[in-house]
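With the sequence shown counted from 1, adding 6 to any position gets you the working numbering.
Glycine included, C-beta positions come from ideal geometry on N, C-alpha and C.
Every value quoted in this text rests on a predicted model; they were computed, and no experiment measured them.
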Amino acid sequence: MSTVISSKAYDVEPLSIPDVLAERPVLVFGKWRGNAGGTVTISGVAGGGRYSESIKVENYKASNDNAALKYLWARYRITLLSDYNKLRNDDKRVKEITELGLNYNLLTAYTSFVAVDNEVRNVNGKWTTVKQPLPLPEGVSDYAVGSPGPYPAAPVAQRGWGVGLAMKSRTSEDKQAVREVEVSEKKDEAQKISFTDVVSEKGLTSDEISDGLKAQTGDIKKCLAGLKTTGMIKLRFIINPDGTVKKAEIISGAIANSGFRQCVTDRVKKLVFPATKNKKEVTVTLSIVIS
């Protein structure tokens with residue numbers, strides 16, 4: 007198959023006309039300069055022999071129904087340039103793909119869809135908290151939300167006596183597991199952690215360090231599991247300019263439990279404090295008292 011196109015046509019895609027296959031039409035996209043005119047001639051070899059047809063351009067008028075043609079042309083052009091870039095990346099092709107995406111509002115490897123809402127919904131800038139009730143799945147204990155309900159469960163189709171029995175048994179297991187956790191937590195409450203002798207370099211005050219530790223005490227208290235002794239350890243750690251902890255070490259202390267000491271340093275390394283005011287690292291020393 008071949009086509010003859012006037013010199014007034016440009017940006018014709020594809021550059022070379024592919025073979026015509028059954029039920030797969032060949033689409034040729036292009037642009038036209040000036041007034042529409044001239045003739046487009048199509049010729050080739052079909053199953054019944056040679057084929058040729060000429061189409062007078064002036065017989066066809068522009069229509070809004072064909073507005074999608076420009077987008078089809080742009081998509082084909084972007085696909086072709088993107089395939090070339092996979093073989094060898096070229097800045098000129100990247101620029102052309104980007105411009106096509108912006109001009110024709112198309113998604114490319116270098117452009118994406120952005121939705122802009124000009125309406126300001128939170129005029130006063132204050133947050134509003136909404137409590138949204140959610141039903142528990144069938145078979146899940148009320149203890150899943152932290153306290154006995156009863157809370158409504160989501161309705162499900164019954165699957166027979168055996169399934170119902172299994173769900174009841176599972177609920178009992180859940181309640182027993184929660185009771186065991188509650189007992190364990192009460193045992194841990196016998197020991198408490200407090201922070202004293204907090205000393206900080208310039209960049210963060212001792213009060214800022216103490217407030218940060220109090221807000222995150224729960225992470226360190228998890229290290230108390232299994233610890234049956236009391237005492238004090240002295241800790242030193244370094245805070246990065248962004249507030250994260252760079253290094254932590256125990257420099258002295260009466261508690262010899264290695265698991266507890268390792269747990270404390272690991273937990274402290276995960277703490278986050280306010281960013282330093284002088285944009286420099288800050289060294290902190292303090293004592294952790296277990297009572």
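Spatially closest choice to E105 from I84, F243, N95, by CA coordinates: The residue given as residue 105 occupies position 99 in the sequence shown. Checking every option, the nearest Cα to that of E105 belongs to I84.
Pick from P31, A42, V26, N41 that is closest to G50, judged by C-alpha positions: Here residue 50 refers to the residue found at position 44 when the sequence shown is read from its first residue. Checking every option, the nearest Cα to that of G50 belongs to V26.
CB-CB length for I244 against T289, believed under 8 Å: Here residue 244 is taken as the residue at index 238 of the sequence shown, counted from 1. Here residue 289 is taken as the residue at index 283 of the sequence shown, counted from 1. At roughly 5 Å, the Cβ-Cβ gap stays under 8 Å, so I244 and T289 are in contact.
P24 in three-state terms, based on DSSP: As a position in the sequence shown, residue 24 is number 18, starting the count at 1. Note: P24 maps to coil in three-state DSSP.
For I61 and V46, believed in contact at Cβ under 8 Å, the rounded distance: Working through the sequence shown from its first residue, we reach residue 46 at position 40. Working through the sequence shown from its first residue, we reach residue 61 at position 55. Right, the Cβ-Cβ distance comes to about 5 Å (below 8 Å), so this counts as a contact.
Secondary structure of V270, DSSP reduced to three states: By 1-based counting over the sequence shown, the position of residue 270 is 264. DSSP places V270 in helix when its eight states are reduced to three.
As assigned by DSSP and simplified to three states, the class of T282: Your numbering for residue 282 matches position 276 in the sequence shown. It is coil, neither helix nor strand.
Contact between the stretch 250-257 and the stretch 221-234 (3+ Cβ pairs under 8 Å): no
Residues near R81 in its chain [Cβ-Cβ closer than 7 Å; skip 5 each side]: Looking up residue 81 in the sequence shown gives position 75. Once the five neighbours on either side are set aside, the close Cβ partners of R81 are L112.
Straight-line gap, S58 to E19 (C-alpha atoms, nearest Å): To locate residue 58, count along the sequence shown from 1; it is residue 52. To locate residue 19, count along the sequence shown from 1; it is residue 13. Distance between the alpha carbons of S58 and E19 is about 21 Å.
Pick from R94, K92, L93, T114 that is closest to E102, judged by C-alpha positions: Here residue 102 refers to the residue found at position 96 when the sequence shown is read from its first residue. Minimum Cα distance to E102 is reached at T114.
N284 vs G218 beta-carbon contact at 7 Å: Translated into positions along the sequence shown, residue 284 becomes position 278. Translated into positions along the sequence shown, residue 218 becomes position 212. Contact: no.
Nearest neighbour of I199, chosen from W79, R30, N128, G224 [CA to CA]: As a first step, residue 199 must be located in the sequence shown, where it is residue number 193. Ranking the options by Cα distance to I199, first place goes to G224.
According to DSSP, residues forming a beta bridge with V251: Locating residue 251 in the sequence shown gives position 245, counting from the first residue. BP columns for V251 point to I245.
DSSP three-state assignment for F37, whether helix, strand or coil: Taking the first residue of the sequence shown as position 1, residue 37 is located at position 31. Reading off the sequence, residue 37 comes out as Lys, not Phe. Three-state DSSP puts K37 in a strand.
Local conformation of S49 per DSSP, three classes: For the purposes of this step, residue 49 is identified with residue 43 of the sequence shown, where counting begins at 1. Three-state result, S49: strand.
Contact check, I239 vs G265, beta carbons under 7 Å: Working through the sequence shown from its first residue, we reach residue 239 at position 233. Working through the sequence shown from its first residue, we reach residue 265 at position 259. No, these two residues do not count as a Cβ contact at 7 Å.
Euclidean distance between Cα positions of G54 and F35: Locating residue 54 in the sequence shown gives position 48, counting from the first residue. Locating residue 35 in the sequence shown gives position 29, counting from the first residue. Between G54 and F35, the C-alpha separation is close to 27 Å.
Own chain residues within Cβ distance below 8 Å of N263, not counting five before or after: As a first step, residue 263 is located in the sequence shown; it is residue number 257 there, counting from the start. So the list reads L233, T235, once near-sequence residues are dropped.
Neighbourhood of K132 by C-beta distance below 7 Å, restricted to the same chain and skipping five residues each side: For the purposes of this step, residue 132 is identified with residue 126 of the sequence shown, where counting begins at 1. Answer for K132: no residue qualifies.
Backbone CA spacing between P143 and S297 [nearest angstrom]: Walking along the sequence shown from the start, residue 143 turns up at place 137. Walking along the sequence shown from the start, residue 297 turns up at place 291. Taking the straight line from one Cα to the other gives about 42 Å.
Proximal residues to V204 (C-beta, below 6 Å), its chain only, five neighbours per side dropped: Sequence index remark: in the sequence shown, residue 204 carries index 198 (1-based). Cβ neighbours of V204 beyond the five flanking positions: S212, I215, S216, L292.
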